[in-house]
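Encoded as structure tokens, the structure appears first; notes follow it.
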Amino acid sequence: MDRTVESIQRMAAEGAGLLAMIEALRDDDTFLLTPLRLMHALMEAFGMPLREARSLLEDLGPDLRPLPQVSDTEVDHKAEGLLSRYVTRLP
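Count the sequence shown with numbering that gives the first Met the number 0 and you get residues 0 to 90, in order.
This is how it looks when you write it as structure tokens:
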């Protein structure tokens, strides 16, 4: 999980959105992507409480893709607002 945490932290610092982070985890053969494992990785990577990690998944389906009525932009915008409290962006 350490490599996963570092990867998420780096991506967030570089300005990647939540959906890009999810896609990177989906492509990582060493990480079994599930909603629970994603919340755990976000909590570990950013020190966020469970409640906030859970709120990032509200607009996602069980496959961690945006629900039909929610755009990718909406998901990333909401996540950016929440993650900004925990992530220091690189210049």
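Beta carbons: idealized from backbone N, C-alpha and C, even for Gly.
Check	Outcome
Excluding the five sequence neighbours on either side, which residues of its own chain have a C-beta within less than 7 Å of the C-beta of Gly60, listed in chain order?	Leu66
For Leu82, collect the residues of the same chain with a Cβ closer than 7 Å to its Cβ; drop the 5 residues on either side in sequence, then sort them by chain order.	Ala11, Phe45
Starting from Asp26, trace the alpha helix (DSSP H) both ways and give me its first and last residue.	17 to 26
Distance check for Gln68 and Glu39, CA to CA, integer angstroms please.	What sits at residue 39 in the sequence shown is His, not Glu. About 26 Å.
Using a Cβ-Cβ cutoff of less than 6 Å, which residues in the same chain neighbour Leu56 once the five nearest sequence positions on both sides are dropped?	Pro34
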